[in-house]
Structure formats: C-alpha cells, structure tokens
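Just so you know, we're using our numbering here: the sequence shown kicks off at 100 and counts up by one.
Single-structure report; data block below.
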Amino acid sequence: MTQADHFFAGLRFLHSPGPTHVPKAVMDALTGQPLDMADERLDPLIHDCEQGLRRLVGSDQGEVMIYASNGHGVWEAVTVNLVAPGQKILVASTGHFSDSWAKMSQAMGALVVHTPYVEGEPIDPLEVERLLAADPHQSIVAVYVVQTDTASGVTSDVAAIRAAMDRAGHSALLVVDVVASLAAETFEMDAWGVNVALGASQKGLMCPPGLAFCVVDDKAIARAQVNPTPRYYWDWNRRRGAPSYRKFCGTPPQNLLMALRAAIGLIEQEGLAQVQARHRRFAAAVHAAVSQWGAPGQLRFICRAPLARAVGVTSIAVNSADPETIRQIAREQFNVAIAGGLGSFQGRVFRIGHLGDLSAPMVLGCLAGVQGALQASGVAIGQGGLEAAVAALGHDG
C-alpha cells in the first residue's frame, strides 16, 4: 500500500505555512456557478475583492491588480512593470525567498544589488541606507523587501526600512512582499510609505492557491507608464479601469474571487486587529513548546532574534535526526502535515505553520503530533513542551 492509499479517520492537520487550512465558508463559496461576463453581479464581486484587499494592506488610494497566479507570478508582474532591462534594484536579503525573487528579476534583465545576508537575522535597515547612500546617481529604481521569509521564519521591520530609505534621500520605490504576512503581521502600506505591496491567496488569506495581487500607488503607476519593457498579461496599464475582463486580461478567475470575498469577510467579521492578536498568541504557544523541546540542545530556532520570529511560521533546525523523517512520521503516524526546509535549509530544518484559519485546539493538536514525531525519531527533547504551549495560550497576544 502506498502512502497515498492510506486512510485517515478525522482531519489531517495542515500546518504548512502555505497552503493553509481553508475555512468551510470559503470552500462553499468556491462551489458557486461561474457568471456570464455580462452578469451584473460580476463587477461588484471584483470590486468587493479589490476594496477588501485595499483595507487589509492599509491603503486608501492604491490601485489593486489581481492575477490568476501564484506569488512567483506577481513577483514577475512587479519587475516587468517597474524595471527596464539594465536598471538596478536593491534586494534586501532574507535568504531563500529574496534570493528567488532576485534570480527571477535577473532573468528578466534587472541588475541586482544585495544587502548582506546573515542567517537567522532580519534585514538590517542600516545596510539598506548604506547601499542607497552609495548610489549618488540614484540608479537603483526599487528596493525589494520580503516582510516574512517563510524559509527562515524571520519577519523584518518594513517601517524601519522605509525610514532608512528616507534618511538616504533616495528616490527608489519600496516594494514589499506580504505573501506570508498579510492578515497575520501588522502591515500599513500608506502609513509606512510602501509603494507596492504584493501577496497571494493561500496563506493568511485562507484561500486555495491560485490568486495573487499587488496594490500599487501613484508613484509606481507613473513608473510603469514610462517603463519601455515589453509586456502584455502582467501590464498594469492594460489592467486599469472597466470593463471587468480588461482588469484580468481575459476571463476573471471567478470562483477564486468568490472564495477571496468570503475569506475577507471572515477576517473582517473577526476584526483584523483580533486576527493579528490571535496569530501572536498562537505563535507564542509554538515558540514556548519549541523552547522547551530544545533544552537538551538537539533543536533550535533558525530565527535568532526573538522579536523577529514570525507569527505565521516557525523554522526549526534539527541536529540529531533527518527532518524529512520527522515530517514523514508526523504525517503518516500522527496525521499532521508540516513543512520541510527550503534552499540552504533543505535537509536540516522542519517548519511548523501556524497561519490563517486556526484555533487553539488545532495548534495544540499539531504540537502534540510534532512532539510524538520527534520522540519516535529518537530526538532528545526537553519536557513540558505542551504544558508551556497551554500556558502561553492563556495570555493575551
């Protein structure tokens, strides 16, 4: 019998940092019949999604572009609209995802400057300031920042990076990837001076994979209008205004939009501040358990700065066992799906996702399964991990 043939009673606990658990109301929304392109309900559906995303990122004026794509697609959309071949961008290094974004941009002809990367540490705003100050001709057209790097579980301070850019007196646009942070971490596009925010559906937005978006301010729109780079499907200029098919360069992904509207409704019904507080509380529980487990020295956080540990994912290095074996046991014996290491972390890290539609029992069930997998793998762990998580859940986030 293959692994795919195994029957599991009850729920499989999905604790990757994306895709995340999809609420029933969102799954139900996916089952609606698609609409005729002239149906009067279509434009309000698109409008509701645009307005909801604008509220979630904290922007009053930004234009919303929604793509039938994953996050990598919207990375490309940003670069092809903002950066002409031969122009420079500054990528603030966070590890795997900033490196991947940089490689994609280089493949499209951009010249990439990196800040130094220090494993387990957030972006250093002073390095951003230093590199921009060393660009007297202002040849760097944009600074790319990943707010939360899911490979390392590190969240960087976007407001501090904008302040560093302002101190340098540089005209570069600030472009922020909120794929793994939106609706979990605090993010304020307008208040922080972010020119472009980009995200995707399958993480804190609690939707299936398949939608990506960017919210774009006037400065970024103006840059795109004079950028000579050839483009069509990704082109912001073609996607502005009515009718609805123009905004999607063809047929909108209607059922995914129905799901997104339902998910945004759930977030706003709970209250964005309350959703973010819930993520902080659950992250504290996971961090408390990992701290206890790591007492004998066989486990450690990849993120070395406690205040920079992400509220949506925890990346854990293992010294004495194969992380893929731990994942397999967690999945096959305890019905808990956790994530593996990416990039330089492959083969030495496993990751616990605690993002999106989660409750305290779900988090505790995940931790119990992971603890069982660690014990079954022969990893020496400290006592009291689950008790520490329960205690952490008793505190307000």
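Don't be surprised by glycine CBs; every beta carbon is placed ideally from N, CA and C.
All figures in this text were calculated on a predicted structure; none of them were measured in a lab.
Checklist entry - By how many angstroms is the C-alpha of Asp127 removed from the C-alpha of His213? => result The residue given as residue 213 occupies position 114 in the sequence shown. The residue given as residue 127 occupies position 28 in the sequence shown. His213 and Asp127 have their C-alpha atoms some 44 Å from each other.
Item to check | Sheet register partners of Tyr166 (DSSP bridge) | outcome: Indexing the sequence shown from 1 puts residue 166 at position 67. Answer is Ala311.
Checklist entry - Where does Asp198 land, buried or exposed, given buried means 16+ other C-beta within 10 angstroms? => result For the purposes of this step, residue 198 is taken as residue 99 along the sequence shown, with counting starting at 1. When all chains shown are included, Asp198 counts as buried.
Checklist entry - If you scan the region 364–448 from start to end, which runs of the alpha helix (DSSP H) of 4 or more residues do you find wholly inside it? => result Fully enclosed alpha helix (DSSP H) runs of 4 or longer: 371–392, 422–433.
Checklist entry - What does a CB cutoff of less than 6 Å around Ala201 pick up in its chain, not counting 5 residues either side in sequence? => result As a position in the sequence shown, residue 201 is number 102, starting the count at 1. For Ala201, same chain residues with a beta-carbon under 6 Å away, outside a window of 5 residues either side, are Val190, Val211 in chain order.
Item to check | Proximal residues to His146 (C-beta, below 7 Å), its chain only, five neighbours per side dropped | outcome: In the sequence shown, counting from the first residue as 1, residue 146 sits at position 47. Excluding sequence positions up to five before and after His146, its CB lies less than 7 Å from no other CB in the same chain.
Checklist entry - What is the DSSP secondary structure of Gly567, counted as helix, strand or coil? => result Nothing can be reported for residue 567: it is not among the residues displayed for the chain, which extend from 100 to 496.
Next on the checklist: So, for Ala488: in the same chain, excluding its five sequence neighbours on each side, which residues have a beta-carbon less than 8 Å away from its beta-carbon?
Outcome noted: For this step, residue 488 is matched to residue 389 along the sequence shown. Non-local C-beta neighbours of Ala488 in its own chain, meaning closer than 8 Å and more than five positions away in sequence, comprise Ala384, Val385, Ala387, Ala388, Val462, Leu463, Leu466, ordered along the chain.
Next on the checklist: Using only the alpha-carbon positions, how far apart do Gln324 and Asn336 sit?
Outcome noted: Position 225 of the sequence shown, counting from 1, holds the residue named residue 324. Position 237 of the sequence shown, counting from 1, holds the residue named residue 336. Near 7 Å, if we compare the C-alpha coordinates of Asn336 and Gln324.
Checklist entry - Taking C-alpha atoms, which residue in Ala416, Phe286, Gly303 lies nearest to Ala296? => result Mapped onto the sequence shown, residue 296 falls at position 197. Of the candidates Ala416, Phe286, Gly303, the one whose C-alpha sits nearest the C-alpha of Ala296 is Phe286.
Checklist entry - Which full runs of the alpha helix (DSSP H) of 4+ residues lie inside the region 215–266, going along the chain? => result As far as the region 215–266 is concerned, its whole alpha helix (DSSP H) runs of at least 4 residues are 224–232.
Checklist entry - What separation, rounded to the nearest whole angstrom, lies between the Cα atoms of Leu129 and Gly172? => result The residue labelled residue 129 in the question sits at position 30 within the sequence shown. The residue labelled residue 172 in the question sits at position 73 within the sequence shown. Distance between the alpha carbons of Leu129 and Gly172 is about 22 Å.
Next on the checklist: Please state the DSSP three-state secondary structure of Gly298.
Outcome noted: The residue given as residue 298 occupies position 199 in the sequence shown. Strand.
Checklist entry - Out of curiosity, what's the CA-to-CA distance linking Lys318 and Ser414? => result As a first step, residue 318 is located in the sequence shown; it is residue number 219 there, counting from the start. As a first step, residue 414 is located in the sequence shown; it is residue number 315 there, counting from the start. Between Lys318 and Ser414, the C-alpha separation is close to 36 Å.
Checklist entry - So is Ala232 buried or exposed if we call it buried at 16+ other beta carbons inside 10 Å? => result By one-based count along the sequence shown, residue 232 stands at place 133. Around the C-beta of Ala232, fewer than 16 other C-beta atoms lie within 10 Å, and the residue is accordingly described as exposed.
Next on the checklist: Quick check: what's the CA-CA separation for Leu457 versus Leu134?
Outcome noted: Locating residue 457 in the sequence shown gives position 358, counting from the first residue. Locating residue 134 in the sequence shown gives position 35, counting from the first residue. Straight across, the Cα-Cα distance linking Leu457 with Leu134 is about 31 Å.
Checklist entry - How about Asn294 and Leu310: are their beta carbons less than 9 Å apart? => result For the purposes of this step, residue 294 is taken as residue 195 along the sequence shown, with counting starting at 1. For the purposes of this step, residue 310 is taken as residue 211 along the sequence shown, with counting starting at 1. Cβ distance not < 9 Å, so Asn294 and Leu310 don't count as in contact.
Checklist entry - Smallest Cα separation from Pro501: which of Arg330, Arg408, Gly439, Glu367? => result Since the first residue shown for the chain is 100 and the last is 496, residue 501 is missing from the structure and cannot be characterised.
Checklist entry - Going straight from the alpha carbon of Ser270 to that of Arg261, what length do you get? => result Within the sequence shown, the letter at position 171 stands for residue 270. Within the sequence shown, the letter at position 162 stands for residue 261. Computed Cα separation, rounded: 11 Å.
Next on the checklist: Threshold first: 4 residues or longer. Then list the alpha helix (DSSP H) segments lying entirely within the region 322–355, N to C.
Outcome noted: Segments of the alpha helix (DSSP H) lying fully in the region 322–355: 343–346.
Checklist entry - Taking Cβ to Cβ, would you say Ala341 is nearer than 9 Å to Asp142? => result Taking the first residue of the sequence shown as position 1, residue 341 is located at position 242. Taking the first residue of the sequence shown as position 1, residue 142 is located at position 43. It is a contact, given that the beta carbons lie within the stated cut-off.
Item to check | 4 or more residues per run - each alpha helix (DSSP H) lying fully within the region 119–183 | outcome: With a minimum length of 4 residues, the continuous alpha helix (DSSP H) runs that stay inside the region 119–183 are 123–129, 141–156, 170–181.
Next on the checklist: Within a Cβ cutoff of 6 Å, which residues of the same chain sit near Ser419, ignoring the five residues on either side of it in sequence?
Outcome noted: Position 320 of the sequence shown holds residue 419. Closer than 6 Å at the Cβ level, and outside the excluded window around Ser419, lie Gln397, Val478.
Item to check | contact_flag[the region 426–438, the region 225–241] where n(CB pairs < 8 Å) is 3 or more | outcome: In short, these stretches do not touch, since the Cβ pair count stays below three.
Item to check | Spatial distance of Met203 from Val179 (CA atoms) | outcome: Stepping through the sequence shown from its first residue, residue 203 is reached at position 104. Stepping through the sequence shown from its first residue, residue 179 is reached at position 80. Answer to the nearest angstrom: the Cα atoms are 11 Å apart.
Checklist entry - How big is the Cα-Cα spacing for Gly185 and Gln427? => result Within the sequence shown, numbered from 1, the residue matching residue 185 stands at position 86. Within the sequence shown, numbered from 1, the residue matching residue 427 stands at position 328. It is roughly 45 Å from the alpha-carbon of Gly185 to the alpha-carbon of Gln427.
Next on the checklist: Excluding the 5 residues flanking Tyr344 on each side, which residues of the same chain have their C-beta closer than 8 Å to its C-beta?
Outcome noted: To locate residue 344, count along the sequence shown from 1; it is residue 245. Closer than 8 Å at Cβ, skipping near neighbours: Met136, Thr350, Pro351.
Next on the checklist: Rounded to whole angstroms, what is the Cα-Cα separation between Asp223 and Asp256?
Outcome noted: Counting from one through the sequence shown, the residue named residue 223 turns up at place 124. Counting from one through the sequence shown, the residue named residue 256 turns up at place 157. Cα to Cα, the separation comes out at about 9 Å.
Checklist entry - How should Thr101 be labelled, buried or exposed, when 16 other C-beta atoms within 10 angstroms of its C-beta is the threshold for buried? => result For the purposes of this step, residue 101 is taken as residue 2 along the sequence shown, with counting starting at 1. For Thr101, the predicted model reports a pLDDT of 48, less than 50, meaning its position is unreliable; a value from the coordinates is still stated below. Here Thr101 is exposed: its Cβ has fewer than 16 other Cβ atoms, across all protein chains shown, within 10 Å.
Checklist entry - Beta-carbon separation of Gly303 and Ala283 under 9 Å? => result Counting from 1 along the sequence shown, the entry for residue 303 is found at position 204. Counting from 1 along the sequence shown, the entry for residue 283 is found at position 184. Here Gly303 is near Ala283, since their CB atoms are less than 9 Å apart.
Item to check | Glu220 beta carbon near the ligand GTP (any heavy atom closer than 8 Å) | outcome: Annotation note on the ligand GTP: not contained in the displayed structure, which lists no ligands.
Checklist entry - Alpha carbon to alpha carbon, what distance is there between Glu228 and Gly219? => result Taking the first residue of the sequence shown as position 1, residue 219 is located at position 120. Taking the first residue of the sequence shown as position 1, residue 228 is located at position 129. Going from the Cα of Gly219 to the Cα of Glu228 covers about 21 Å.
Checklist entry - Can you round the beta-carbon distance between Thr249 and Pro116 to whole angstroms, since I take them to be within the 8 Å contact cut? => result Taking the sequence shown and counting its residues from 1, the one referred to as residue 249 is at position 150. Taking the sequence shown and counting its residues from 1, the one referred to as residue 116 is at position 17. Rounded, the Cβ-Cβ distance is 4 Å, consistent with contact.
Checklist entry - Taking buried to mean at least 16 other C-beta atoms within 10 Å of its own C-beta, is Ala267 buried or exposed? => result The residue given as residue 267 occupies position 168 in the sequence shown. Buried: at least 16 other Cβ atoms inside 10 Å.
Item to check | Backbone secondary structure at Val278 - three-state DSSP | outcome: The residue labelled residue 278 in the question sits at position 179 within the sequence shown. Val278: coil per DSSP, three-state reduction.
Checklist entry - With burial defined as no fewer than 16 other Cβ atoms inside 10 Å of the residue's Cβ, what is the status of Arg153: buried or exposed? => result By one-based count along the sequence shown, residue 153 stands at place 54. Buried is the label assigned to Arg153, since at least 16 other Cβ atoms lie within 10 Å of its Cβ.
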